[in-house]
Amino acid sequence: MSGQRNNFVIQMIGANHTGKSVTTRRMIAEWRASRPELLSDGSRKYKVVAFDPKFQFKGLVDQYIYPDKNWAIHVFKKVRNSLIVLDDYKSLIPNYVATPGMFDLFSSRWHYNLDFIISCHSPGHVIDMI
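For what it's worth, the numbering used here labels the leading residue of the sequence shown as 258, then goes sequentially.
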């Protein structure tokens, strides 16, 4: 079908120092390079929004997500046409259970053109709702 959008959710699981962040950084750069469009004010049409507690993606992120119990609601209300990166999210998502707004955020990814890259350290850390 012409003009159809495809959105992705990629979940990486691995121990420390196994290359998750290196791979994510490369994927962010490739995602950004494939979407160079700018808005009339000169800002990027497609943004990278990330929870990056170690600032490993510095220079590639347009907007950071900070720990807050309603972080997903804030992102859901404002973010469109974006890649959302959740790297080592244990301080963002306590107990690895979906926080308020996460279901809306993930279920609206096609409508709002959102892609996701998520990484964690153990299969037990996978968020319940994903």
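From the three backbone atoms N, C-alpha and C, an ideal C-beta is built for every residue, glycine too.
- Residues sharing a beta bridge with Q313, DSSP: Paired residue(s): none; Q313 is not in a bridge.
- Message: Quick check: the Cα distance between N263 and M284, rounded to an integer number of angstroms?
- Response: 16 Å
- Query: Near L295, which residues of its chain fall below 8 Å by C-beta distance, leaving aside the five closest residues on each side in sequence?
  - Reply: R301, K302
- Query: Going along the chain, which unbroken runs of the alpha helix (DSSP H) with 4 or more residues stay wholly within the segment 282 to 358?
  - Reply: 328 to 335
- Other residues of its chain near F373: CB distance less than 6 Å, five sequence neighbours each side excluded: V266, I341
- Among the residues of its own chain, which have a CB less than 7 Å from the CB of R337, if the five just before and after it don't count? Y369, N370
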